[in-house]
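Read top to bottom, the protein sequences are chains A and B. Counting with this note's numbering, you get residues 1185 to 1351 for the letters of the first sequence. Counting with this note's numbering, you get residues 5 to 779 for the letters of the second sequence. All residues carry an ideal CB built from backbone N, CA and C; glycine is no exception. This one's a predicted model, so the numbers in the text were calculated from it and none came from an experiment. The structure appears below as structure tokens.
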Amino acid sequence: MSSTYTKKQVADLVKGDLDFETVHLMLSMPKDEDRYKFYMETINENLDYDHQAIGALGPHLNYVIRSDDEEIVVMCDCGHDFGQYRSNWKLNAVIYVRDNVEKMEQIYPAIMAPDTSWQVYREYYCPSCGIQHCVEAPTPWYPVMHDLQPDFATFYEWMGQPAPAKI
Amino acid sequence: MTILENPLGNKPGTLLKNGMTLNDHRNAVLARTEETGYYDGRKELTFKDTDPIGFERIFSKVRAGVVNSREVAKKIAASPIVEQEGELCFTLYNVTGDCVVTSTGIIIHVGTMGAAIKYMIQNDWESNPGINEGDMFTNNDCQTGNVHPCDIATIVPIFHDGVMVAWVGGVTHVIDTGAVGPGSMSNGQIQRFGDGLQITCRKTGAKDTPFRDYLHESQRNVRTTKYWILDEKTRIAGCHMIRDMVLEVIEDEGAEAFDEFMYEVVEDGRRGLIMRIRAMCMPGTVKTVAFVDVPYTHEDVHVPSTFAKMDSIMHAPCEITVKPTGEWRLDFEGCSRWGWHTYNTNPVAFTSGIWVMMTQSLIPTERVNDGCRYATEFRLPKGTWTNPDDRRTAHADAWHFLVSSWSSLWRGISRTYFARGYLEEVNSGNSNPCNWLQGGGVNQDGEVHAVNSFETAACGTGACAVKDGLNHAAAIWNPEGDMGDIEIWELAEPLLYMGRRIKTNTGGYGKYRGGLGYETLRMVWNSADWTMFFMGNGYMNSDWGLMGGYPSATGYRFEAHNTGLQERIAEGKSLPLGQDRDPRECEYEKHLGPDATVKRDKQCITTEDMYANGDLYLNYLRGGPGFGDPLDRRILDIQEDLNQNFLLAEFAEKVYGAVFTTDDEGVYTVDADKTAARQAEMRKERLARAVPVKEWMETERTKIIDKDASLAVQQMYASSFYLSPKFTAEFKEFWDLPADWELPEEELGTPMYGARHTMEIGDLPDVSPVIMTEE
């Protein structure tokens, strides 16, 4: 059993415009099998570049098939290429670390922010457009987290679709 | 799944129709499961497939029965924790101790009561003390799977025509278990021996009547006796209602159909989880991590032993693998060691608790049962805080670590939903549901008393990928969170409410912000010899924010003594009412007497301290983490946050780039064009202050080589390095550290009592612990 939604409803979901009654249905009913198709169509229609998105890491960050060589890479909406998808895109970002009281006070009243001798905030920005793609909040010294490593081969098998050439 | 040999050999059983002992029968079920990959070898769901209506009819009856019993039974309780907050749960098990169906409520106990049943089975309770119709057993032992001692479980075997057909368990969270510190989740003690009364699957009743010796003994060992007894009656009544319901179902549907159902439904639950994972998740691997602070060197933390007097950090890395089979694996390699505090947990509490989360996303149906566990591989390394290798550990506030570590699991699994478009399921994480206001003494009725305010049941929730988190709404451990009525809390506690307001600026910023927490200011009133303490996160945040969103605000504490408030009330002077809106402004202090002593700092864990009538205590309940870049937040949402007092104007400017005006009434209007221009500038400012990650890594690497970090941070790493060569190797590889670089705990000078010499519960004679995870 599955549910059915229109592409417009999925597009509205992505924009944050979908009425709550439908969002609630999406939460409470079995999942819709066309979601991935509509989701990718929506993302691709909203992008200004020619590469094809096949998965999402964030509101402005996607896995895309690069049009010139069919490599799967991580790409910002602005077109900034973070490199091959099996690598950690964060290593090719720029970073700002909130590691003292003054930097923390820019985002929370001092007493409501962490003590930076225990914990720091690491903000990862796109080097081209300055979008904040990620905030990490680890102890000092912590390795950069490689959050998601998708298994596209299995995913396409689950979806019953042919996989991209360079997975 | 670990299958243990029956240490007692093959003996004929007397309880089951098949003549096997409970333990032999359970081992046979486990063996068939392991051999076939299907629960109890049930590759075909014969009953469900041939009579689906009959199958569903039984499911509906037993599910409705356990839910109904919970709703009725909780009215027996006087404790607001049970009656107001719904901190109870009833679960039906098959004879092997695997959960079939559970009620609503604190469903972490699906697993904990099941572990207690399995312990009784594995340790031959069948022959001694015997399992008979009308018996009742009580368990709250944390070394037998319980979360913390205050969750008391009553377990009743169900017989039909002289044959055992099921177990039913009921659990309530009691207010006090007689630990060193008063309250159900106290923290003054550091070992099991101070953690309160612990009952190990003890037979506490027969012929449907609790034993008088147990009732007398247990009451003497706790502070809140009337609540204790009424909770006991709540659990017994609920179990007996469910037993009656089961017998009715058997009469209506037939014993054979019921017996088939009790196994097939577990396999059905296993398949259900796999189906949902395949429908919702991106297969692959997710790495995530969480931390929380244990600041014990502070002067307001009094512990009985010097070896506990140290600052430490809970470290909980997790690798989630969504496998091609649709099953999943959660591996907690690299966790830090257990410690001398009450925040340790055990594997069952850890794994069972995950279903509380998953019922809110992966399996939001009535079908959550032990089948989900059979579709999940858990790895909890021995010696870590998730799986202590010492029988002395304390667990009273295991939730301090559990809720903190689980927040990262939300983020992890949400990434797999987001990748393929199920945005509505994305959750940036859970708040750290604290502060826990606890204490005790002599209350307004002149009785020895203890309190644990469950206002924590309504903290802010994490932001979703399509909407803000909910304000003052829920807690991770109870999907039906409720802050409770002020009037009821004032009956239960000698603490008057001076105000209860939303807590400004506590939701993590983002395109969608985290839900806000709230705060209540309590004045001690009409008590004698009263004490209280704080319990929560302060120096650290346990949530992170997701995909560009920020973590929520951290906690802080406010307490005031010698306030002069009784004189100010008599004189009609102003009082500290309502909100500590911006803690830097110290608003409360403006309404106190000249001799008041105030503590306003980040020390959010303290131990029992004395409070006089008129003293103040701020109970600040935390907000949830945010989602997405804050510069993407809609203008009207920022404006609404300002006008609803959800956000301090200073941070609307600094974080969201909002440019606004206020009118004479104080109403904010955000200028969309000017804000967009300012946000464009802020993106440029980000780039101006940032450095390439690889460049930053060079400076961080130097700090590591120089061992430039606080002692608490270094101790955390040293503890994880000792327990996990894999984590050590990955750490050194990532930072490209010299081969001979090391950080042994011995060089730090911090106490290492218990670090190298331990004794497990399984080392006791005649004790066979239940092991259900990879270690």
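Quick one: residues in its chain with C-beta nearer than 6 Å to the C-beta of residue i, no 5 flanking neighbours on either side, listed in chain order?
i, result
"Ala532(B)", "Val446"
"Arg282(B)", "Gly330"
"Lys291(B)", "Glu323"
"Gly192(B)", "Val184, Gly185, Thr611 and Glu612"
"Val1278(A)", "Tyr1309 and Pro1311"
"Thr106(B)", "Thr95 and Val114"
"Asn1276(A)", "Phe1266 and Gly1267"
Distance, Cα to Cα, residue i vs residue j?
i, j, result
"Phe475(B)", "Ala461(B)", "Checking the displayed sequence, the identity of residue 475(B) turns out to be Asn instead of Phe. C-alpha separation (whole angstroms): 12 Å."
"Gly176(B)", "Asp272(B)", "It should be pointed out that residue 176(B) corresponds to Thr in this sequence rather than to Gly. If you take the alpha carbons of Thr176(B) and Asp272(B), they lie about 28 Å apart."
"Gly514(B)", "Ile121(B)", "45 Å"
"Tyr1220(A)", "Asn373(B)", "29 Å"
"Ser188(B)", "Val663(B)", "47 Å"
"Glu1341(A)", "Gly661(B)", "44 Å"
"His399(B)", "Asn391(B)", "12 Å"
"Gly549(B)", "Asn439(B)", "20 Å"
"Met536(B)", "Pro84(B)", "18 Å"
"Asp180(B)", "Gln195(B)", "17 Å"
"Ser4(B)", "Pro748(B)", "Nothing about residue 4(B) can be read from this structure; chain B reaches only from 5 to 779."
"Arg424(B)", "Leu635(B)", "24 Å"
"Asp1283(A)", "Asp1232(A)", "36 Å"
"Val771(B)", "Pro368(B)", "37 Å"
"Val1319(A)", "Val1304(A)", "10 Å"
"Val1281(A)", "Glu699(B)", "12 Å"
"His220(B)", "Ser1187(A)", "57 Å"
Please work out which residues of its chain come closer than 8 Å, Cβ to Cβ, to residue i, disregarding the five sequence neighbours upstream and downstream, and give them in chain order.
i, result
"Asn274(B)", "Just to set this straight, residue 274(B) is Arg in the shown sequence, not Asn. Contacts found: Tyr42, Tyr43, Gly375, Cys376, Tyr378 and Ala379."
"Lys688(B)", "none"
"Pro742(B)", "Ile709"
"Gln1333(A)", "Arg1270"
Residue i versus chain A: which residues are under 8 Å apart at the beta carbon?
i, result
"Val697(B)", "Lys1274, Leu1275, Asn1276, Ala1277, Val1278, Ile1279, Tyr1308 and Val1328"
"Lys606(B)", "Ile1295 and Asp1299"
"Arg504(B)", "Under the 8 Å cutoff, chain A gives no residues; its nearest Cβ is about 19 Å from Arg504(B)."
What residues of chain B sit near residue i, judged by a beta carbon separation below 7 Å?
i, result
"Met1296(A)", "Asn509, Ala557, Thr558, Tyr560 and Pro587"
"Gln1333(A)", "Gly288 and Thr289"
"Cys1318(A)", "Met551 and Gly552"
"Gly1267(A)", "What Gly1267(A) touches in chain B: nothing, since even the nearest Cβ is about 12 Å away."
In chain A, which residues lie with their C-beta within 7 Å of the C-beta of residue i?
i, result
"Ser714(B)", "Ser1301 and Trp1302"
"Asn545(B)", "Pro1298, Gln1303 and Ala1321"
Beta-carbon within less than 7 Å of residue i's beta-carbon, same chain only, minus the 5 sequence neighbours each way: which residues are those?
i, result
"Gly753(B)", "none"
"Ala241(B)", "Ala77 and Ile80"
"Thr673(B)", "Gln643, Phe664 and Thr665"
Can you name the residues that DSSP bridges to residue i?
i, result
"Asn1246(A)", "Ala1240(A) and Met1259(A)"
"Tyr624(B)", "Glu523(B)"
"Trp332(B)", "Val326(B) and Thr380(B)"
"Asp605(B)", "Arg561(B)"
"Tyr1280(A)", "Glu1307(A)"
"Thr206(B)", "Note that residue 206(B) corresponds to Arg in the displayed sequence, not to Thr. Answer is Thr142(B)."
"Asn447(B)", "Answer is none; Asn447(B) lacks a bridge partner."
Can you pull the chain B residues whose beta carbon is under 9 Å from the beta carbon of residue i, in chain order?
i, result
"Pro1346(A)", "None at all; the shortest Cβ gap to chain B is about 17 Å."
"Leu1231(A)", "In chain order: nothing, as chain B lies at least about 15 Å away."
"Gln1290(A)", "Phe655, Lys658 and Val659"
"Tyr1223(A)", "Arg424, Gly425, Tyr426 and Leu427"
Show which residues of chain B have a CB atom less than 8 Å away from the CB atom of residue i.
i, result
"Cys1313(A)", "Arg687"
"Gly1242(A)", "Phe422, Met551, Gly552 and Gly632"
Please list the partners that residue i has in chain A, where partner means a Cβ-to-Cβ separation under 9 Å.
i, result
"Tyr522(B)", "Result: empty, since nearest Cβ-Cβ is about 14 Å, beyond 9 Å."
Open item on the list: Can you confirm whether the segment 519–533 of chain B touches the segment 291–309 of chain B when touching is taken to mean that 3 or more C-beta pairs between the two stretches lie within less than 8 Å?
Closed with: Contact check between the segment 291–309 of chain B and the segment 519–533 of chain B: fewer than three CB pairs, one atom from each, fall below 8 Å, which does not count as touching.
Task: the segment 505–520 of chain B / the segment 262–271 of chain B touching (three or more Cβ pairs under 8 Å) - done: No contact exists between the segment 505–520 of chain B and the segment 262–271 of chain B.
Open item on the list: When you compare the segment 1305–1312 of chain A with the segment 666–678 of chain B, are there three or more beta-carbon pairs, one atom per stretch, that lie closer than 8 Å?
Closed with: In short, these stretches do not touch, since the Cβ pair count stays below three.
Open item on the list: Three Cβ pairs or more, each shorter than 8 Å: is that satisfied between the segment 87–98 of chain B and the segment 107–114 of chain B?
Closed with: Yes, since at least three Cβ pairs between the segment 87–98 of chain B and the segment 107–114 of chain B fall closer than 8 Å, the two stretches touch.
Open item on the list: Below 8 Å, how does it come out for the segment 629–639 of chain B and the segment 423–432 of chain B: are there three or more Cβ pairs, yes or no?
Closed with: Verdict: yes, contact present.
Open item on the list: Does the structure place the segment 585–596 of chain B close enough to the segment 538–549 of chain B that three or more beta carbon pairs sit under 8 Å?
Closed with: No, they do not touch.
Open item on the list: Check whether the segment 400–407 of chain B and the segment 299–314 of chain B are in contact - that is, three or more C-beta pairs closer than 8 Å.
Closed with: Counting C-beta pairs closer than 8 Å gives fewer than three between the segment 400–407 of chain B and the segment 299–314 of chain B, which falls short of the contact rule.
Open item on the list: So, does the segment 224–231 of chain B touch the segment 447–459 of chain B, judging by three or more C-beta pairs under 8 Å?
Closed with: The answer is yes - the segment 447–459 of chain B touches the segment 224–231 of chain B, with three or more Cβ pairs under 8 Å.
Task: Sufficient close CB pairs (3 or more, under 8 Å) joining the segment 1192–1207 of chain A to the segment 1218–1235 of chain A - done: Between the segment 1192–1207 of chain A and the segment 1218–1235 of chain A there are three or more inter-stretch CB-CB distances shorter than 8 Å, so the stretches are counted as touching.
Task: Inter-stretch contact (C-beta, 8 Å, three-pair minimum) for the segment 556–574 of chain B and the segment 1293–1302 of chain A - done: Taking 8 Å as the limit for Cβ pairs, the verdict is that the segment 1293–1302 of chain A does touch the segment 556–574 of chain B.
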